[in-house]
Amino acid sequence: MTGAGRSTEDAYGPALMEFAASGGELTVVEGGEGSDAGSALFREAWPGKVFNLGAAEQDMILTAAGLALGGKNVCVSSNSSFLVGRGYEQIRSAIAIPGLPVKIAGTRCGVTVGEDGASRQMLEDLALMRAFPNMAILAPADYASAMAALTNAFSFNGPVYIRLGRGAAPQIYEDGDKNFRPGGGRSLREGSEVTLCCCGIMVAEALKAAEVLAKQGIGAEVIDCYSVAPLPSQLILDSVHRTGCCVVAEEHFARGGLGEGVAALVSAAYPVPVKQVAIFDKFGQSGSPAELQEYYGLTASQIVSAAASAWTMRRR
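Sequence positions in the sequence shown follow our numbering and run 64 to 379.
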């Protein structure tokens, strides 16, 4: 893992270009902040394949659905707090229920939006999208995995939600690594005492936590659950079977996100303690990304504390 690099959101425009350059057919529907999402180069190269509908998220979703019904491969993108928040009924009725293969790229997710404050910090998108039985959800950890997740999503035959953030993320994966698809996950570090499941910016925090835990004699396996739905179920279960306890870390409300998904999966197979590192019973607020991560406990130190607690609770 290297220092702070590009954000996952930075991968959106290059992923559009890479997919189109490889011969992929794609139509883009975007909101008023389309240029912020990085689609400018794609718009310049293929102006007839980009539709900017302004601040009209419900219309964006319905337009994307109509294009998909007409045989187009469509990606719709905008600020997630509005795209998912205002467009949820349309996502449900026009995309999820008929199972249309529309790709939904939600930008500005999580607390890394920073000073923009609570109205712009989408912290419930995973919960909302997990409610749909056929919606694949990808939450990449860095630029390289976001590039791969996006390009693979563009060719996926079903509805997909890709969670993208604005904050610079440490590089975890090598550029060109393409193996990021719905249902997948990665074991980034081996350990036999505790399983750390994580996604998005919390993958880097989990890797830092694993280093600290190793010095305390607790071996942590770190699993990047970049596919929030469907989960990499067997990877998680195999790890938890070895370790006997689990911590789930996510930049999201504790309710309805990755943590509840992992807890439901694990409880059905093994009666082991599962701790969550997430945002509990609070909305977002204005502050720098670093300040907000510290305030909400989205840190390596909080993962270390949760892991130590889970480890002492496990039964052997």
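Yeah, the Cβ is synthetic: ideal placement off N, Cα and C, and Gly gets one too.
1) Which one of A332, T375, E313, V113 has the shortest CA to CA distance from G173?
2) Residue range of the beta strand (DSSP E) that R252 falls in?
3) At the level of alpha carbons, what is the spacing between E88 and M185?
4) By the 10 Å Cβ neighbour count, where 16 or more other Cβ atoms means buried, how is L132 classified, buried or exposed?
5) Kindly indicate which three-state DSSP category M198 falls into: helix, strand or coil?
6) What's the C-alpha gap between T126 and G347?
7) Using a Cβ distance threshold of 8 Å, determine whether the region 210-220 contacts the region 338-346, with at least three qualifying pairs required.
8) What does the Cβ neighbour count give for K166, buried or exposed, with the cut at 16 atoms within 10 Å?
9) Ordered along the chain, which non-local residues of its own chain (more than five positions away) have a Cβ less than 8 Å from that of G68?
10) Can you give the beta carbon distance from R305 to S255, rounded, assuming they're within the 8 Å contact cut?
11) Once DSSP output is grouped into helix, strand and coil, what is the label at V325?
12) Using a Cβ-Cβ cut-off of 6 Å (strictly less than) and excluding sequence neighbours within five positions of G177, which residues of its own chain qualify?
13) When the Cα of G228 is compared with those of S364, R106, K135, S144, which residue comes out closest?
14) From this set, T71, C262, E323, which residue's C-alpha is nearest G169's C-alpha?
15) At a Cβ threshold of 7 Å, is Y224 touching chain C?
16) Would you identify the three-state DSSP class for K278, choosing helix, strand or coil?
17) Restricting to Cα atoms, I'd like to know which of S182, P203, D238 is closest to G248.
18) If you drop the 5 nearest sequence neighbours on each side, which residues of the same chain put their C-beta closer than 6 Å to that of I154?
19) How far does the beta strand (DSSP E) with Y224 in it reach, from first residue to last?
20) If you draw a straight line from the alpha carbon of L276 to that of A194, how long is it in whole angstroms?
21) Quick one: grab the DSSP three-state call for Q121.
22) What do you get for S141, buried or exposed, if any count of 16 or more other CB atoms within 10 angstroms of its CB means buried?
23) Around the Cβ of M198, are there at least 16 other Cβ atoms within 10 angstroms (buried) or fewer (exposed)?
24) So the candidates are K278, I366, P161, A119; which of them puts its Cα closest to the Cα of G150?
25) Locate the beta strand (DSSP E) running through F145, then write down its first and last residues.
26) Three-state secondary structure (DSSP) at N215?
27) Which term fits P161, buried or exposed, when burial requires 16 or more other beta carbons within 10 angstroms of its beta carbon?
28) For the beta strand (DSSP E) holding I299, just list the boundary residues, first then last.
29) Rounded to whole angstroms, what's the CA-CA distance from G263 to K278? Just pull it up for me.
30) Spatial neighbours of E12 within its chain, please: CB distance less than 8 Å, with the 5 preceding and 5 following residues excluded, ordered by chain position.
31) Which residues mark the beginning and the end of the alpha helix (DSSP H) in which D179 is found?
On the basis of the data shown:
1) When the alpha-carbon of G173 is set against those of A332, T375, E313, V113, the nearest one is in E313.
2) DSSP places R252 inside the beta strand (DSSP E), whose first and last residues are 249-252.
3) Spanning the two alpha carbons is a distance of roughly 30 Å.
4) So L132 counts as exposed.
5) DSSP places M198 in coil when its eight states are reduced to three.
6) If I take the Cα positions, the gap works out to 31 Å.
7) Of all C-beta pairs linking the region 210-220 to the region 338-346, fewer than three are shorter than 8 Å, placing the two stretches out of contact.
8) The residue in question, K166, is buried, as its Cβ has 16 or more Cβ neighbours within 10 Å.
9) By the criterion of a C-beta distance shorter than 8 Å, G68 is surrounded in its chain by D205, Y206, A231, A232, P233, Q234, once the five residues flanking it on both sides are discounted.
10) The pair is a contact, with the Cβ atoms about 6 Å apart (cut-off 8 Å).
11) V325 carries a helical assignment under DSSP once its states are collapsed to helix, strand and coil.
12) Sequence-distant Cβ neighbours of G177 in its own chain, meaning closer than 6 Å and more than five residues away, are S351, P352.
13) When the alpha-carbon of G228 is set against those of S364, R106, K135, S144, the nearest one is in S144.
14) Closest option to G169, Cα to Cα, is T71.
15) You won't find chain C in this structure, because it holds only one protein chain.
16) Of the three classes helix, strand and coil, the one that applies to K278 here is helix, per DSSP.
17) Cα-wise, what sits closest to G248 is P203.
18) Counting only Cβ-Cβ distances below 6 Å, and skipping sequence neighbours, we find I124.
19) Per DSSP, Y224 belongs to the beta strand (DSSP E) from 223-226.
20) Near 34 Å, if we compare the C-alpha coordinates of A194 and L276.
21) Helix, per DSSP.
22) S141 is classed as buried because its beta carbon has at least 16 other beta carbons within 10 Å across all chains shown.
23) By the neighbour-count criterion, in which a residue is buried when 16 or more other Cβ atoms sit within 10 angstroms of its Cβ, M198 is buried.
24) Closest option to G150, Cα to Cα, is A119.
25) Per DSSP, F145 belongs to no beta strand (DSSP E); it is in the alpha helix (DSSP H), 143-153.
26) N215: helix per DSSP, three-state reduction.
27) P161 sits exposed, since fewer than 16 C-beta atoms from the chains shown fall within 10 Å of its C-beta.
28) Note, I299: premise wrong, no beta strand (DSSP E); alpha helix (DSSP H) at 296-306.
29) Each residue's Cα considered, the two are about 25 Å apart.
30) A question about residue 12 goes unanswered here, because the residues of the chain that appear run from 64 up to 379.
31) D179 -> no alpha helix (DSSP H), and no H or E assigned at all.
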